[in-house]
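Just below is one structure, and these are the notes that go with it.
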Amino acid sequence: QMADIAGEDRDSLFEEAAKILVLHQQGSTSLLQRKLKLGYNRAGRLVDQLEAAGIIGPFEGSKARKVLVPDEMSLEQLLRGSGSEEEISD
């Protein structure tokens with residue numbers, strides 16, 4: 155799934171945004187806007203990239219998206235590794 159968005163196509167704040175959402179366990183555009191001081195459009199693009207990478211779940215109306223990565227260590231493995239979920243689960 156990580157191959158959906160190649161590194162060069164990712165926003166430069168992709169990893170920082172991923173860490174924020176995993177830390178807070180809340181997949182919200184407004185959280186990224188506040189923490190990274192971004193406009194709505196850029197935060198929205200980051201959220202789309204994070205969904206494509208399998209870090210957060212799909213849009214669910216007004217609710218925050220589900221964060222699919224349980225902790226920062228798992229996120230590091232996902233970002234550094236091949237991205238297959240088999241390597242992350244214990």
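Just so we're aligned, residue 155 is where the sequence shown starts under my numbering, counting upward by one. Note that CB positions come from ideal geometry on N, CA and C, so glycine has one too.
Rounded separation between Asp-165 and Leu-200 - CA only: Each residue's alpha carbon lies about 7 Å from the other.
Identify the continuous alpha helix (DSSP H) that holds Ser-228 and give its terminal residues. Annotation: the continuous alpha helix (DSSP H) that includes Ser-228 extends over 226–234.
In the structure shown, what three-state DSSP assignment does Ile-209 receive? Residue state, collapsed to three classes: coil.
Determine whether the beta carbon atoms of Ile-174 and Lys-189 lie at a separation below 9 Å. Against a cut-off of 9 Å, the Cβ pair of Lys-189 and Ile-174 comes out as a contact.
The alpha helix (DSSP H) spanning Gln-179 covers which residue range? Here Gln-179 belongs to no alpha helix (DSSP H), and DSSP marks it neither H nor E.
Quick one: what's Lys-217 bridged to in DSSP? Secondary-structure assignment with DSSP links Lys-217 through a beta bridge to Glu-214.
Would Gly-211 and Gly-181 be called neighbours here (beta carbons separated by less than 9 Å)? Taking 9 Å as the cut-off, the beta carbon of Gly-211 is found closer than this to the beta carbon of Gly-181.
What separation, rounded to the nearest whole angstrom, lies between the Cα atoms of Ile-209 and Arg-196? Straight-line Cα distance between these residues: approximately 17 Å.
How would you label Glu-205, buried or exposed, when you count the other beta carbons within 10 angstroms and need 16 or more for buried? Within 10 angstroms of the beta-carbon of Glu-205 lie 16 or more other beta-carbons, which makes it buried.
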